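Numbering (this note's numbering), first residue to last: 13 to 481.
Even for Gly, the Cβ is constructed at its ideal location relative to N, Cα and C.
Bear in mind the structure is a predicted one, so any value in this text is a computation, not a measurement.
Everything below concerns the one structure shown next.
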């Protein structure tokens with residue numbers, strides 16, 4: 013049965029309430045002041061509900077005790093008992109989190125009904141708190157990113173910036189977990205219960221990105237037969253995450269800059285801007301300073317976006333996280349595939365640690381998932397099938413391509429050129445010339461792949477077939 017604490021300085025009132033509640037089957041405790049009441053909060057099994065008189069002599073009054081309860085034991089329901097002339101304080105108590113108030117003298121039946129409803133509400137409150145804790149565990153960064161010193165530094169940065177309104181820039185290679193970090197910043201902030209909207213700027217055509225971000229009014233252009241909210245408006249009071257921000261065309265960069273400066277947006281076809289309250293987090297797998305230096309990103313918007321920067325290290329620079337992450341992905345694979353793989357052979361772990369991991373954590377997850385499917389008890393080296401273009405074998409570099417007299421810098425540049433070109437050609441062969449599929453194989457955005465195809469003068473057809481041994 014539920015436990016109820018009666019807090020009242022009048023002994024007779026405590027006696028009446030205690031007997032009434034015991035008759036209804038409740039376990040009842042009594043406290044004559046706030047100090048005694050606080051001691052009950054520290055017990056392993058604290059009360060489920062407190063009947064609290066507001067006017068209590070001592071250093072702490074009823075309002076002070078209520079604040080303490082809602083700070084340390086927010087799941088406990090509180091019903092205020094007050095004299096008729098002190099309704100104002102009772103209303104204040106409701107604002108502070110009390111469930112309800114009753115004026116003395118009160119009817120027994122009304123007290124009985126109010127207690128019953130409060131306890132039913134408490135059950136719901138406990139369920140909500142439990143769900144929040146489960147959600148917190150689900151998005152626990154340590155469980156998805158690792159425990160290395162490099163990752164712990166990221167945790168510290170997240171804790172420092174989360175409750176500010178700084179615009180955050182997250183830089184890191186593809187697959188390092190930029191969206192996970194952005195989501196963690198959002199959830200740890202005061203906006204955590206509001207929307208988190210993620211937008212991949214590299215996946216939206218230039219002609220559509222403005223309307224996608226800012227929305228449009230009915231009749232704004234041919235085919236706009238109704239009003240549409242943009243992603244900024246959908247993220248109002250929450251956080252918007254703009255991934256691959258460097259892909260934004262210049263005219264959209266201009267509009268984003270105005271939005272950051274004025275905290276207002278204007279839809280396509282709209283006559284007046286309207287206020288917006290949204291936290292902006294951006295990410296890029298290419299340093300924005302490089303894009304700014306190359307003239308691909310406006311200088312003024314670069315400095316606006318770079319209020320606080322988090323740089324995510326690639327997996328090859330935090331190899332101590334590989335065993336931890338591999339174990340996690342094996343467990344996930346076992347659950348998904350209904351297998352019972354115990355772990356990795358020693359040689360398999362050595363291979364994982366020595367791999368370059370251009371696809372980072374995302375690539376590791378793919379490799380482990382495939383290995384779990386193939387393995388029985390332990391993952392052997394033969395079970396480790398690496399993503400296309402990222403095998404352990406180095407790319408074939410033909411001797412005639414490296415000429416005598418080349419400097420080390422020139423050789424390095426040539427090797428990178430040949431390796432990238434070969435990887436793109438292989439991906440195009442695998443995708444039968446479908447550039448969108450090839451981009452997914454290589455884990456780059458579509459625009460980057462088109463740029464590389466043009467840069468390397470790759471013709472995805474006979475040339476590709478002839479160039480791959």
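{"Check": "Distance between beta carbons of residue 439 and residue 454, contact taken as under 8 Å", "Outcome": "5 Å"}
{"Check": "DSSP-derived helix/strand/coil call for residue 102", "Outcome": "helix"}
{"Check": "DSSP-derived helix/strand/coil call for residue 179", "Outcome": "coil"}
{"Check": "Residue 40 to residue 54 span [Cα, whole Å]", "Outcome": "16 Å"}
{"Check": "Assigned exposure category for residue 74 - 16 Cβ within 10 Å defines buried", "Outcome": "buried"}
{"Check": "Three-state secondary structure assigned by DSSP to residue 453", "Outcome": "helix"}
{"Check": "Buried or exposed by the 16-neighbour rule on C-beta atoms within 10 Å, applied to residue 172", "Outcome": "exposed"}
{"Check": "Rounded Cβ spacing between residue 468 and residue 214 (contact assumed at less than 8 Å)", "Outcome": "About 19 Å; that fails the 8 Å criterion."}
{"Check": "CB of residue 167 within 9 Å of CB of residue 154, strictly", "Outcome": "yes"}
{"Check": "Beta-carbon separation (whole angstroms), residue 356 vs residue 391, contact threshold 8 Å", "Outcome": "5 Å"}
{"Check": "Limits of the beta strand (DSSP E) - the one that residue 160 falls within", "Outcome": "Looking at the DSSP string, residue 160 is not in any beta strand (DSSP E), and its letter there is neither H nor E."}
{"Check": "Minimum length 3: unbroken beta strand (DSSP E) runs contained in the region 242-288", "Outcome": "251-255"}
{"Check": "Identity of the residues DSSP links to residue 124 by a beta bridge", "Outcome": "Looking at the DSSP assignment, residue 124 forms no beta bridge with any residue, so it has no partner."}
{"Check": "Anticipated Cβ contact below 8 Å, residue 393 with residue 360, distance rounded", "Outcome": "5 Å"}
{"Check": "Beta-carbon proximity of residue 322 to residue 162, cut-off 9 Å", "Outcome": "no"}
{"Check": "Best match in 447, 464, 446 and 445 for proximity to residue 431 [C-alpha to C-alpha]", "Outcome": "464"}
{"Check": "C-alpha distance - residue 178 paired with residue 199, whole-angstrom precision", "Outcome": "15 Å"}
{"Check": "Assigned exposure category for residue 259 - 16 Cβ within 10 Å defines buried", "Outcome": "buried"}
{"Check": "Which listed residue (351, 353 and 362) has its alpha carbon closest to that of residue 328", "Outcome": "362"}
{"Check": "Uninterrupted beta strand (DSSP E) stretches inside the region 207-244 (no shorter than 3 residues)", "Outcome": "208-212"}
{"Check": "Simplified DSSP state of residue 65, which is helix, strand or coil", "Outcome": "strand"}
{"Check": "Coil, strand or helix - residue 403 by DSSP", "Outcome": "Confidence at residue 403 is low in this model, with a pLDDT of 40, below 50, so the placement of that residue is unreliable and no value is reported for it."}
{"Check": "For residue 321: DSSP bridge partner residues", "Outcome": "181"}
{"Check": "Residues near residue 156 in its chain [Cβ-Cβ closer than 8 Å; skip 5 each side]", "Outcome": "189, 192 and 340"}
{"Check": "The alpha helix (DSSP H) enclosing residue 463, as first and last residue numbers", "Outcome": "458-467"}
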